[in-house]
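2 protein chains.
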Amino acid sequence: MKPLSHPRAEDINIYAVLHALAEPARMKIVQTLAAADGRPCGTFGINLSKSTLSAHFKVLREAGVIRQETGPGNARLNTLRRAELNARFPGLLDSVLQAVEESDPALASG
Amino acid sequence: MKPLSHPRAEDINIYAVLHALAEPARMKIVQTLAAADGRPCGTFGINLSKSTLSAHFKVLREAGVIRQETGPGNARLNTLRRAELNARFPGLLDSVLQAVEESDPALASG
DNA sequence: CCAGGTGTTCGCCAACCAGCGAACACTTGC
DNA sequence: GCAAGTGTTCGCTGGTTGGCGAACACCTGG
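Each protein sequence line maps, in turn, to chains G and X.
So for the first sequence, the working numbering puts the first residue at 6; every next one is plus one.
So for the second sequence, the working numbering puts the first residue at 6; every next one is plus one.
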C-alpha cells in the first residue's frame, strides 16, 4: 500500500487543525487515538460508511493531526501526532480533549 | 437596539467553538478582543463588507465565544466571554490564541 | 425632520462539506 | 489464481458556508 503524505510539523496550520477537530466523528477518532494509539481505521466504532470514514481520516491526516502509516497486512496504523502538535501548539490538544469530555460526554463514553 | 441572545455558559458547545475559531477573520476578531475588549464591530481592521462582518460576529456570538451588548449610540460592545470559556473549557482559549501567533503571525501583527 | 453612522437582515451565488454506493487497489490466505 | 478483508477514489447529492450588495432599523446631531 502506498505511503500517504503528511504535512511537516512546522507546516501544521491552526485553522486546518481546528476545522478538523470541529466535527464529532473526527473528534471521536482523535479521542480514541488519544486513549490507544496504533489502531487500523475500522476499529473506531463509528457508524459511517467506509468512504466517509476514509474522508475523515484524510482530513485529519492532511491537517497534521494524525499519522497514517502502512501497517501489517493491509491496515493503516493511525497514530496521534501528539508530540509534534504539542511542540507547535502547546497545550492545545490536551485542552481540546478535555473540553470534549466536558461538552460531549456521550462521545466520551461511547 | 435590540439586545441579542447568547447561549448560556453551560450550553456552549465545543464543536461550535472550534468551528467558529477555524476561520481567519473570526480568529482575528477574537484575537483583537483578547488584546482589547469592548470594541464596536467596525474597529477590527478587517477588509470585508458589513454584512459579512455581521455574519461572522453572529457565528462567534451564537457559539458563545463573544458577547455583544448594546452600547452607547448605536454601537455593539463586543467582549470575549473569557471567564465563561475558561470555566467550561479550561486552557482552551489561551492555547488557541497562543497557537494562532505561532501559525498565523501575519494575522497577529496585522 | 433629515443626514450620517452602525449593524442587521434578506436574497443571491459560488464553493465547500459530509454523506453514500460502486468500483478499484492492495495484501493475506486458501 | 481467487476470495476475503481493508482502505481509497470517484461521482453524485443535499445542506452549509462565506462572500456581496441593497434595503432596513436604529440612534445621534444638525
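Built from N, CA and C at the ideal position, the CB exists for glycine as well.
Model, not experiment: these values are computed from the prediction.
Determine the chain G residues that contact Leu97 (chain X) at a beta-carbon separation under 7 Å, and present them in chain order.
Here residue 97 (chain X) corresponds to residue number 92 of the second sequence, with the count starting at 1. Within 7 Å Cβ-Cβ: Ser100, Val101, Ala104.
Mark Glu1 (chain G) as exposed unless 16 or more other C-beta atoms lie within 10 angstroms of its C-beta, in which case mark it buried.
One cannot answer for residue 1 (chain G) here, as it falls past the ends of chain G, which runs 6 to 115.
When the Cβ atoms of the region 21 to 34 of chain X are set against those of the region 63 to 79 of chain X, are three or more pairs found closer than 8 Å?
yes
From what residue to what residue does the beta strand (DSSP E) around Leu85 (chain X) run?
To locate residue 85 (chain X), count along the second sequence from 1; it is residue 80. From DSSP, the beta strand (DSSP E) with Leu85 (chain X) extends over 81 to 85.
Identify every residue that forms a DSSP beta bridge with Thr75 (chain G).
In the first sequence, residue 75 (chain G) corresponds to position 70, counting from 1. Bridge partners of Thr75 (chain G): G:Arg81.
Give me the DSSP bridge partner(s) of Arg44 (chain G).
Here residue 44 (chain G) refers to the residue found at position 39 when the first sequence is read from its first residue. Looking at the DSSP assignment, Arg44 (chain G) forms a beta bridge with G:Asn83.
With 8 Å as the threshold, decide whether the Cβ of Ser114 (chain G) is near any Cβ in chain X.
Taking the first residue of the first sequence as 1, we reach residue 114 (chain G) at position 109. Only weak support exists for where Ser114 (chain G) lies, its pLDDT of 48 falling under 50; the value from the coordinates is given anyway. Not an interface residue.
CA-CA distance, Ala21 (chain G) and Pro29 (chain X)?
As a working mapping, residue 21 (chain G) is identified with position 16 in the first sequence. As a working mapping, residue 29 (chain X) is identified with position 24 in the second sequence. The straight-line gap from Cα to Cα measures roughly 11 Å.
How would you call Ala104 (chain X), buried or exposed, if buried means at least 16 neighbouring beta carbons within 10 angstroms?
Along the second sequence, read from residue 1 onward, the residue named residue 104 (chain X) stands at position 99. By the 10 Å Cβ count, Ala104 (chain X) comes out buried.
In angstroms with no decimal places, state the Cα-to-Cα distance between Asn79 (chain X) and Arg93 (chain G).
By one-based count along the second sequence, residue 79 (chain X) stands at place 74. By one-based count along the first sequence, residue 93 (chain G) stands at place 88. Taking the straight line joining both Cα atoms gives about 41 Å.
Beta-carbon contacts of Pro8 (chain X) that lie in its chain and below 8 Å, excluding the five residues immediately before and after:
Position 3 of the second sequence, counted from the start, is the residue given in the question as residue 8 (chain X). Glu74, Thr75.
Whole angstroms are fine: how far does the CA of Ser100 (chain G) sit from the CA of Asn52 (chain X)?
Working through the second sequence from its first residue, we reach residue 52 (chain X) at position 47. Working through the first sequence from its first residue, we reach residue 100 (chain G) at position 95. Approximately 32 Å, taken between the alpha carbons.
Quick one: does Glu67 (chain X) have its CB under 8 Å from some CB of chain G?
What you label residue 67 (chain X) is simply residue 62 of the second sequence in a count that begins at 1. Chain G, which has no Cβ nearer than 8 Å to the Cβ of Glu67 (chain X), makes this no.
Over the uninterrupted alpha helix (DSSP H) stretch that includes Asp99 (chain X), give me the two end residues.
What you label residue 99 (chain X) is simply residue 94 of the second sequence in a count that begins at 1. It spans 97 to 108 - the alpha helix (DSSP H) in which Asp99 (chain X) sits, taken as one unbroken run.
Is there a Cβ of chain G sitting closer than 8 Å to that of Glu89 (chain X), yes or no?
Numbered from its first residue, the second sequence carries residue 89 (chain X) at position 84. Not one chain G Cβ lies under 8 Å of Glu89 (chain X).
Kindly indicate the opening and closing residues of the alpha helix (DSSP H) around Glu67 (chain G).
The sequence position of residue 67 (chain G) within the first sequence is 62, counting from 1. Where Glu67 (chain G) is concerned, the enclosing alpha helix (DSSP H) stretches over 55 to 68.
Is any beta-carbon of chain X found at less than 8 Å from that of Ala27 (chain G)?
Taking the first sequence and counting its residues from 1, the one referred to as residue 27 (chain G) is at position 22. Yes, because at least one Cβ of chain X sits closer than 8 Å to the Cβ of Ala27 (chain G).
Kindly say whether Leu23 (chain X), judged by its beta-carbon, lies nearer than 8 Å to any beta-carbon of chain G.
As a first step, residue 23 (chain X) is located in the second sequence; it is residue number 18 there, counting from the start. Leu23 (chain X) counts as touching chain G.
Identity of the residue in G:Asn18, G:Met6, G:Arg87 nearest Ser108 (chain X) by Cα:
One-based indexing of the second sequence puts residue 108 (chain X) at position 103. Nearest option by C-alpha distance: G:Asn18.
C-beta atoms of Leu85 (chain X) and Ala39 (chain X) nearer than 8 Å
Within the second sequence, numbered from 1, the residue matching residue 85 (chain X) stands at position 80. Within the second sequence, numbered from 1, the residue matching residue 39 (chain X) stands at position 34. Taking 8 Å as the Cβ cut-off, Leu85 (chain X) and Ala39 (chain X) qualify as a contacting pair.
Do Gly43 (chain X) and Leu82 (chain X) have their C-beta atoms closer together than 8 Å?
What you label residue 43 (chain X) is simply residue 38 of the second sequence in a count that begins at 1. What you label residue 82 (chain X) is simply residue 77 of the second sequence in a count that begins at 1. Against a cut-off of 8 Å, the Cβ pair of Leu82 (chain X) and Gly43 (chain X) comes out as a contact.
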